[in-house]
Amino acid sequence: MPARSRDHHAYEKNETNVESTRDRIKPPSHRHAAPSAPWPWVDIEDIIDIDELSGEKSSIPKPCDHMMCDRCWQRYPKSLFPNWTPRQVEKSLIDGASKVISNSVLYYVDVDSHGFFHSRSSLVSTKEANLDEVWYEIRKDRPKLIDDDTHQLVRHEDMRVRAIFIQDMSGPVMQMLGTRYNIEPFFFSSSLNWIPSRYEEEVQPGVGDHITISLTFIRSLPKGLATNLSSELPGERRSSVTLTDGKPGSGGVVWWMGAAHAPIDTQAPLDLASVGRQLVLDLLSVHFIRKSTGSTIISYHPSLALRTTSADYLHKRIRFAGQSVYWQTIFRQSKDPTFVLLTFIWHALYSWDEALENLYSHICNMESQVINTTELQMNLTRELHIIRAHHLHYSSLLEDFKKTVVFIRDTKNPAMHNLPPEEKQFSRDMMVRECANLLSEIDRLENSRRMQDKRLKNVMNLVSGFECWWSLGMKQIAYLTMFFLPASFVAAVFGMNVGEIAPDTNGTLPHYVETALPLTIATIWIIIAFQSQDIYPKRVPYWQRFFWPFVLILKWAGWDIYKEDIRREREEAAMGILGVEHHRLGHYVPKKRKKAAAAPKEEEKQANMPQVLVMQPGLPTLMVDHAI
Numbered sequence: 348m349p350a351r352s353r354d355h356h357a358y359e360k361n362e363t364n365v366e367s368t369r370d371r372i373k374p375p376s377h378r379h380a381a382p383s384a385p386w387p388w389v390d391i392e393d394i395i396d397i398d399e400l401s402g403e404k405s406s407i408p409k410p411c412d413h414m415m416c417d418r419c420w421q422r423y424p425k426s427l428f429p430n431w432t433p434r435q436v437e438k439s440l441i442d443g444a445s446k447v448i449s450n451s452v453l454y455y456v457d458v459d460s461h462g463f464f465h466s467r468s469s470l471v472s473t474k475e476a477n478l479d480e481v482w483y484e485i486r487k488d489r490p491k492l493i494d495d496d497t498h499q500l501v502r503h504e505d506m507r508v509r510a511i512f513i514q515d516m517s518g519p520v521m522q523m524l525g526t527r528y529n530i531e532p533f534f535f536s537s538s539l540n541w542i543p544s545r546y547e548e549e550v551q552p553g554v555g556d557h558i559t560i561s562l563t564f565i566r567s568l569p570k571g572l573a574t575n576l577s578s579e580l581p582g583e584r585r586s587s588v589t590l591t592d593g594k595p596g597s598g599g600v601v602w603w604m605g606a607a608h609a610p611i612d613t614q615a616p617l618d619l620a621s622v623g624r625q626l627v628l629d630l631l632s633v634h635f636i637r638k639s640t641g642s643t644i645i646s647y648h649p650s651l652a653l654r655t656t657s658a659d660y661l662h663k664r665i666r667f668a669g670q671s672v673y674w675q676t677i678f679r680q681s682k683d684p685t686f687v688l689l690t691f692i693w694h695a696l697y698s699w700d701e702a703l704e705n706l707y708s709h710i711c712n713m714e715s716q717v718i719n720t721t722e723l724q725m726n727l728t729r730e731l732h733i734i735r736a737h738h739l740h741y742s743s744l745l746e747d748f749k750k751t752v753v754f755i756r757d758t759k760n761p762a763m764h765n766l767p768p769e770e771k772q773f774s775r776d777m778m779v780r781e782c783a784n785l786l787s788e789i790d791r792l793e794n795s796r797r798m799q800d801k802r803l804k805n806v807m808n809l810v811s812g813f814e815c816w817w818s819l820g821m822k823q824i825a826y827l828t829m830f831f832l833p834a835s836f837v838a839a840v841f842g843m844n845v846g847e848i849a850p851d852t853n854g855t856l857p858h859y860v861e862t863a864l865p866l867t868i869a870t871i872w873i874i875i876a877f878q879s880q881d882i883y884p885k886r887v888p889y890w891q892r893f894f895w896p897f898v899l900i901l902k903w904a905g906w907d908i909y910k911e912d913i914r915r916e917r918e919e920a921a922m923g924i925l926g927v928e929h930h931r932l933g934h935y936v937p938k939k940r941k942k943a944a945a946a947p948k949e950e951e952k953q954a955n956m957p958q959v960l961v962m963q964p965g966l967p968t969l970m971v972d973h974a975i
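Per this note's numbering: the sequence shown = residues 348 to 975.
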């Protein structure tokens, strides 16, 4: 197993699940995503080093040809980006990653000017043994390429794009690539911390630029292959509940229930027990150096136990995309290397589509289980809320996915500045068309997510209906108890040890009244004191509330000392509701129209109006949302 960063923790296993903080993905810090932020990895409460402010030299170092220097890559990122202090490098996890020594593997795919994809033997960094050899291969502008399929030498001038896929990135490999291609440390910090980002830098008209894409997406994996991390945070207790459809020989569906007070972690994998799958977060992190003399794509792949997309897998996927007649035609007709980047985006789209398909099947199975099962429906409430929380998280990820495609479409390649206008316009129109195809697919995914959200609401309505049914049953039991209350009272009276009923006892009926009446009055006094919202305003302390009989007497006499305070509190509460409506509708709502504004819109009424009847023998009729 490759060595891991020191910032990671080890596994802790138990009988039911694997609780891991080492591979748990933290929520991203978006403020540290791009170099446009002037303080990389410096938060508000962080102390700025005074020594860094004393220097008056330029922060932009002179370029290095990497020929005569003595392993200049070992000083990355400080050698190229002096503004990154040791504290910032450590906080961004780059320092920990630079100290990792592992067997890194670099996979290559080259695209020539004819649109053909060529594969090259992988380059392996075996710890300290061959670092000089690896540095020599990386720093060469265009190493000789012998195609693995044809075993023929491909000319340098025919190479348009080289894609490098990094598996188990070691510290030296990260520093070599960062030094060789002048990569902003933000690319590595965003990749190590799973921060979605997209930005352009080093723009030189007629020469090229650098663009970085870091994108989080959802991937579906078989239950046995994915790491068994739940949607609960580490350390909490969980129990399992098996629901069956009541048919003989049918397999039970296991729902994992966490503690009611435990928070929901949307960064953790989502278990889809009914279909035997897990939805896990995956990362697409690409740094693209676009140049007129030949472009380079660097693809980072995290080294986690969460079965994310490996470098070898994506290397084969991109290599296989070169066999497509459609894409070969695009690569042949246009000199823009950005079209190769679109094949990376399509991989994320495929993963999204498969994941939402599995999630839809799971929601349908849950709906069927709830309808056909008469017990344990209330235990599904937390499971439903976990899926709903992930659904909301997926909505933001899809929106970020859409912004990434728009960014690629709108970021023109400056390396094509010197091409003829007709050729530039042709490539531009083709790029807009292909990005429109991607945006259309993303809209379809979002519509599918919305539809699933409505189906999920249906399941929640079913569970809520069952809860109402159980509540109704408890109320009927209470009514039954009240039916026998008079008889119980009479039995208690005739069982009293008082002289009027049992002549040989010392107690009398007046003794009973003297004891029971004060206790009854005291109980009523205390209950009303703690339930006196209509008598006292909220600011009145509880010890004053015990004087409520005197306040009521004064109120009945026409002297209400708390009338203005209660009226003011009610007006403030009404203004609070008005403010919520103002925020929801996006405009000011007059008081007179508050009731009309609070009413849902016509389409919201149609979406929320229950119209489907679910009949179950022995159970009350349930109303289910029709919008499915």
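Where a beta carbon is used, it is the ideal one built from N, C-alpha and C, also for glycine.
Values in this document were obtained by computation on a predicted structure and should not be read as measured data.
- For L626, the closest of N705, T751 and G641 by C-alpha to C-alpha distance is N705.
- DSSP lists H557 and T643 as the bridge partner or partners of I636.
- Look at the beta carbons and you see the region 617-635 touching the region 541-560: at least three pairs across the two are nearer than 8 Å.
- When secondary structure is reduced to three states using DSSP, V752 falls in the helix class.
- Burial is judged here by how many other beta carbons sit within 10 angstroms of a residue's own beta carbon; F667 has fewer than 16 and is exposed.
- Membership of D479 in the alpha helix (DSSP H) is indicated by the continuous run L478 to R486.
- Three or more Cβ pairs drawn from the region 668-688 and the region 454-473 lie within less than 8 Å of each other, which places the two stretches in contact.
- Relative to the Cα of Q680, the nearest Cα in the group D459, A381, N808 and D912 belongs to D459.
- Closest option to P387, judged by alpha-carbon separation, among V550, P429 and T867: P429.
- Restricted to the region 882-908, not a single beta strand (DSSP E) segment is unbroken, complete and at least 3 residues in length.
- By the 16-neighbour rule on beta-carbons within 10 angstroms, V752 is buried.
- The C-beta separation of T640 from H648 comes to about 27 Å, leaving the pair out of contact by the 8 Å criterion.
- Within the DSSP secondary-structure output, E547 pairs in a beta bridge with I558.
- Per DSSP, the beta bridge partners of Y455 are R467 and I511.
- Within the same chain, Cβ atoms closer than 6 Å to the Cβ of S646 are found at F512 and V633, the five residues on either side in sequence being excluded.
- Taking a contact to require three or more Cβ pairs closer than 8 Å, the region 792-799 and the region 753-768 do not qualify as touching.
- In the DSSP assignment, D618 falls outside any alpha helix (DSSP H) and lies within the beta strand (DSSP E) extending over L617 to L619.
- Relative to the Cα of V717, the nearest Cα in the group A380, K487 and R802 belongs to R802.
- Per DSSP, the continuous alpha helix (DSSP H) segment holding M521 begins and ends at G518 to R527.
- A contact is defined here as three or more CB-CB pairs under 8 Å, and the region 777-797 meets this definition with respect to the region 694-703.
- Taking R418 as reference, the option from V687, Y483, E392 and V447 with the minimal CA-CA separation is Y483.
- Inclusion of I875 and W895 in the CB contact set at 7 Å is warranted, their separation being smaller than that value.
- Contact between the region 441-449 and the region 550-557 is not established, with fewer than three Cβ pairs separated by less than 8 Å.
- T613 sits close to A736, with the two beta carbons spaced by under 7 Å.
- Sixteen is the threshold: when 16 or more other Cβ atoms of the shown chains lie within 10 Å of the Cβ of D556, as they do, the residue is buried.
- When the beta-carbon positions are compared, T526 and W431 stay at least 7 Å from each other.
- For R735, the three-state secondary structure derived from DSSP is helix.
- Taking C-beta atoms under 8 Å as the contact rule, S537 and A380 qualify, at a distance of about 6 Å.
- H662 sits close to Y454, with the two beta carbons spaced by under 7 Å.
- Annotated as distal: S567 and R507, with beta-carbon spacing of 7 Å or more.
- In this structure, the alpha-carbon of N450 lies about 11 Å from that of N477.
- Per the coordinates, the alpha-carbon of Y528 lies some 29 Å from the alpha-carbon of I395.
- Of the candidates L856, K771, A904 and A783, the residue whose Cα lies closest to the Cα of P684 is K771.
- Around the CB of M821, fewer than 16 other CB atoms lie within 10 Å, so the residue is classed as exposed.
- Counting other Cβ atoms within 10 Å of its Cβ, M713 reaches 16 or more and is therefore classed as buried.
- Boundaries of the alpha helix (DSSP H) around E437: P433 to K438.
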